[in-house]
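Enquirer:
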């Protein structure tokens, strides 16, 4: 098991393209409402962790597996001191491995499966042991085979909402107004805000911050300074980026950057 002297460790995993791992233990941590473009899998090793999706709250104790699909809005909070490990598995890797589905087989983010828990713990151990690449790849395939649906159950995103999202993604650094997005979607600002929240589980401004943060992550991983990332992504300043980044990621941009140095 990886040991982190500062109680939070973030790392990339050799041989699993784009997969990242967070190992957290010690003080209580919480993240604001956010989404991942990746499939998120993890285990609770000690303590308890709470997840909220829509209006439902789920609790996960020692031995529980956490599984959150791409683009599912959620918040997380430790219920006292807690140790957990989370993997972020990009959909691009899932497709490259031959899977046709990226959604978990269950809508419940907390899975009671000693077998799956053991497989994830073994994957964590291979990270610590510097295992051969093929071993890690074989393990991630076995894990994904257990958690992914065989048939697609994803809901179509309404075209007008998708167009507004596309505009935000192309203009992530701009200070976009709600009215501009509503015009693209051919809705009133009120109806657009409500419909967007229904589709994505969060209002447009939170989603826009999510896009900015994802781009900041990409830049930081590519070697940009924190100041450069903040300016490029349209944050007011580096302090502004730090606040939003930590709220969504549970760590500061500086901590994230250490994994790529």
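In the numbering used here, the protein residues as written are 139 to 399.
Backbone N, C-alpha and C fix where the C-beta goes; we use that ideal spot for every residue, glycine too.
This one's a predicted model, so the numbers in the text were calculated from it and none came from an experiment.
Is the Cβ-Cβ distance between residue 182 and residue 220 less than 8 Å?
Expert: Against a cut-off of 8 Å, the Cβ pair of residue 220 and residue 182 comes out as a contact.
Enquirer: Considering only their Cβ atoms, is the gap separating residue 322 from residue 347 smaller than 8 Å?
Expert: Taking 8 Å as the Cβ cut-off, residue 347 and residue 322 do not qualify as a contacting pair.
Enquirer: With three or more C-beta pairs closer than 8 Å as the rule, is the region 191-209 touching the region 145-153?
Expert: Short answer: they don't touch.
Enquirer: Considering Cα atoms alone, identify which of 285, 166, 273 and 286 is closest to residue 187.
Expert: Nearest of 285, 166, 273 and 286 to residue 187, Cα basis: 166.
Enquirer: Buried or exposed: which applies to residue 295, given that a residue is buried once 16 or more other Cβ atoms fall within 10 Å of its Cβ?
Expert: The residue in question, residue 295, is exposed, as its Cβ has fewer than 16 Cβ neighbours within 10 Å.
Enquirer: Helix, strand or coil, according to DSSP, for residue 357 in the structure here?
Expert: Here residue 357 sits in helix by DSSP.
Enquirer: Following the continuous alpha helix (DSSP H) through residue 378, name the residue where it begins and the one where it ends.
Expert: Its alpha helix (DSSP H) spans residues 376-387.
Enquirer: So residue 228 and residue 180 are in contact, right, with Cβ under 8 Å, and what is the actual spacing, rounded?
Expert: Contact flag wrong, Cβ pair sits at about 15 Å.
Enquirer: Span of the beta strand (DSSP E) holding residue 237?
Expert: Run containing residue 237: none; DSSP gives neither H nor E here.
Enquirer: CA-CA distance, residue 226 and residue 245?
Expert: When rounded, the distance between both Cα atoms is 18 Å.
Enquirer: Is residue 330 helix, strand or coil by DSSP?
Expert: Here residue 330 sits in helix by DSSP.
Enquirer: Using three-state DSSP, classify residue 392 as helix, strand or coil.
Expert: Helix at residue 392.
Enquirer: In or out: residue 355 buried (at least 16 other Cβ within 10 Å) or exposed?
Expert: When all chains shown are included, residue 355 counts as buried.
Enquirer: So, at 7 Å on beta carbons, what are the nonlocal neighbours of residue 284 in its own chain, with the 5 sequence-adjacent residues on each side left out?
Expert: Result list for residue 284: 254, in chain order.
Enquirer: Is it true that the region 336-353 meets the region 202-211, where meeting means three or more beta-carbon pairs spaced less than 8 Å apart?
Expert: The region 336-353, when compared against the region 202-211, does touch it at the 8 Å Cβ threshold.
Enquirer: Could you compute how far the alpha carbon of residue 291 sits from the alpha carbon of residue 263?
Expert: Because the pLDDT at residue 291 is just 41, under 50, the model does not fix this residue reliably, and the point stays unresolved.
Enquirer: State buried or exposed for residue 396, treating a residue as buried only when at least 16 other CB atoms are found within 10 Å of its CB.
Expert: Answer is exposed; the Cβ neighbour count stays below 16.
Enquirer: Report yes or no: do the region 317-331 and the region 300-309 share at least 3 C-beta pairs separated by less than 8 Å?
Expert: They touch, by the three-pair rule.
Enquirer: What does the alpha-carbon distance come out to for the pair residue 316 and residue 191?
Expert: Roughly 24 Å between the two C-alpha positions.
Enquirer: Sort out for me which residues DSSP pairs residue 154 with in a bridge.
Expert: DSSP output for residue 154 lists no bridge partner at all.
Enquirer: Of the residues 258, 384, 178 and 223, which one's Cα is nearest the Cα of residue 231?
Expert: Closest by alpha carbon: 178.
Enquirer: Given a threshold of 16 other Cβ atoms within 10 Å of its Cβ, counted over all protein chains shown, does residue 148 qualify as buried or as exposed?
Expert: By the 10 Å Cβ count, residue 148 comes out buried.
Enquirer: Leaving out five residues before and five after residue 312 in sequence, what residues of the same chain have Cβ atoms less than 8 Å from its Cβ?
Expert: Same-chain partners within the cutoff: 372.
Enquirer: Mind checking residue 176: buried by the 16 CB within 10 Å criterion, or exposed?
Expert: Looking at its Cβ environment, which holds 16 or more other Cβ atoms inside 10 Å, residue 176 is buried.
Enquirer: Alpha helix (DSSP H) containing residue 279: first to last residue?
Expert: Start and end: 271-285.
Enquirer: By the three-class DSSP mapping on this structure, what secondary structure does residue 397 have?
Expert: DSSP places residue 397 in coil when its eight states are reduced to three.
Enquirer: Within 10 angstroms of the Cβ of residue 389, are there 16 or more other Cβ atoms? Answer buried if so, exposed if not.
Expert: Per the 10 Å Cβ criterion, buried.
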